[in-house]
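Read the structure below first, then the notes.
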Amino acid sequence: MNAPALSDVKSATSHVKPNMLISGTFVTRDLARTRRMCEGLLGLECVEPEKGVLLIRERGHRAGEKLAGQPYWVLEAREVTDVAVPQEMLNHWGVFVSSQAAVDEAYEKINAQQKEFGLGRVQKPRFRHGSYAFYFVDGDSNWWEIEYRTPELVYTAIRAKGDQC
Amino acid sequence: MSQTASLVNPELLSHGTLECNDIPATRRFLTEFLGIDVVRPLPEAQYLWKGGPWSVVCVCVEGEQKEQGPQNRFKLAVSTAAEVDAAHAAAEKHKETYGIRKVEKLEDRGGVRSFRLQDMNKVWWEIANLSQKYYDDAFAKGDVTQ
């Protein structure tokens, strides 16, 4: 049964009426190390709006760039002395890359520079539910996924199909 | 650092994840209470979104979910401080209905009103009167070194 997915509009009946799922947050014991990883490894844009806080988004949203004016999701990292709740693989952050080959290339590069970025385990790429991806864990137990999805499996396409279960 | 200098050149900061062990009850909380859009493409997962191409993937697990701390949370933007207040009142009123475990006090910081709650899956959410402009301005301003 292909029931329509719930629509992407402000709900008239829900108790909270959000405009946007705007951010996710995590912690690090070394903000500079996290920034090096987000910029130098993951290719993301970072800024420190206050001491001990790092904002992260995909590149391209500055004025005149290709994504200028389009919505984006932000990760907020906060520096702490200790990571009170270590994360596990099922709690991760992900980025999409453009091809299966890009996943393989990313794996080779990241695996080769694991120590330089202070990473823990770097898993090998594999197919799962039609996506091709691998995971790695950073020096603060935060897990990250590098993923390629075919066009029919990107989130907007899945939303258009509606529930499949 | 230029984009070409990074090891990976992603197209999208695409997703985060959370765990649940009761997909229907979790979906009811997400849609009826939080007002998030949900689709279930797989028996073991539902995808959450609101306002953009990124998603939060909710993975069904057996047994107890991991207890998360409030510093690992997802943030929902609403339009006004009054909407934050209304959401807080609703969270207190409907705690039992939706299995909300904790509702923290309202806070004001830098012109942003917010509060945090922990849901039935031990996942933390923040409701805040933010907009994309808040982050646009932060990125445009650049690093604050002091």
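Heads up: the protein sequence lines correspond to chains A and B, in order. In this text, residue positions in the first sequence follow my numbering: the first is 1, and each later residue adds one. In this text, residue positions in the second sequence follow my numbering: the first is 1, and each later residue adds one. Heads up, the beta-carbon is just placed ideally off N, CA and C, and yes, glycines get one too. In this text the structure is predicted, and so the values were computed from the model without any measurement.
query, result
"Host beta strand (DSSP E) of Ile127 (chain B) (start-end)", "Trp124 to Ala128"
"Residue-chain proximity (Val103 (chain B), chain A), Cβ-Cβ < 8 angstroms", "no"
"Assumed close pair Ser14 (chain A), Glu96 (chain B) - CB separation to whole angstroms, cut-off 8 angstroms", "With 8 angstroms as the limit, Ser14 (chain A) and Glu96 (chain B) do not qualify as a contact, their Cβ atoms being about 18 angstroms apart."
"Arg59 (chain A), DSSP secondary structure in three states", "coil"
"Rounded Cβ spacing between Leu48 (chain B) and Ile36 (chain B) (contact assumed at less than 8 angstroms)", "5 angstroms"
"Residue burial classification, Gln3 (chain B) (beta-carbon count within 10 angstroms, cutoff 16)", "Because Gln3 (chain B) carries a pLDDT of 49, less than 50, the predicted location of this residue cannot be relied on, and the following value inherits that uncertainty. Per the 10 Å Cβ criterion, exposed."
"First and last residue of the uninterrupted alpha helix (DSSP H) at Ile22 (chain A)", "Segment Met20 to Thr28 is the beta strand (DSSP E) holding Ile22 (chain A); no alpha helix (DSSP H) there."
"Span separating the alpha-carbon of Ala3 (chain A) from that of Cys165 (chain A)", "Because the pLDDT of Ala3 (chain A) is 41, which lies under 50, any placement of that residue in the model is unreliable, and the number read from its coordinates should be weighed accordingly. Those two C-alpha atoms are separated by around 9 angstroms."
"Closer than 8 angstroms at the beta carbon, the chain A residues around Phe139 (chain B)", "Glu45, Val47, Leu55, Arg57, His61 and Arg62"
"Val56 (chain B): first and last residue of the uninterrupted beta strand (DSSP E) it sits in", "Ser55 to Cys60"
"Reduced DSSP category for Leu117 (chain B) - H, G, I as helix; E, B as strand; rest coil", "strand"
"Same chain, Cβ closer than 7 angstroms to Lys75 (chain B), five either side skipped, listed in chain order", "Glu126 and Ala128"
"Counted within 10 angstroms of its Cβ, other Cβ atoms place Phe127 (chain A) as buried (16 or more) or exposed", "exposed"
"CB contact below 8 angstroms: Gln68 (chain B) versus chain A", "yes"
"Minimum Cβ-Cβ distance from Ala32 (chain A) to chain B less than 8 angstroms", "no"
"According to DSSP, residues forming a beta bridge with Thr17 (chain B)", "B:Val57"
"Rounded straight-line distance, which links the Cα of Lys17 (chain A) to that of Glu116 (chain A)", "44 angstroms"
"Residue(s) in a DSSP beta bridge with Asp140 (chain A)", "For Asp140 (chain A), which the question treats as bridged, DSSP gives no partner whatsoever."
"Contacting residues, own chain, Cβ-Cβ under 7 angstroms from Arg59 (chain A) (five flanking each side not counted)", "Gly43, Leu44 and Glu45"
"Beta-carbon proximity of Gln87 (chain A) to Trp144 (chain A), cut-off 8 angstroms", "no"
"Contacts around Pro151 (chain A), its chain only, beta-carbon distance under 8 angstroms, and the 5 residues preceding and following it disregarded", "Ala157"
"Nearest candidate by alpha-carbon position, reference Ile23 (chain B), set B:Leu7, B:Gln132, B:Gln65 and B:His15", "B:Gln65"
"Listed by chain order, chain A residues near Glu83 (chain B) by CB distance under 7 angstroms", "Lys17"
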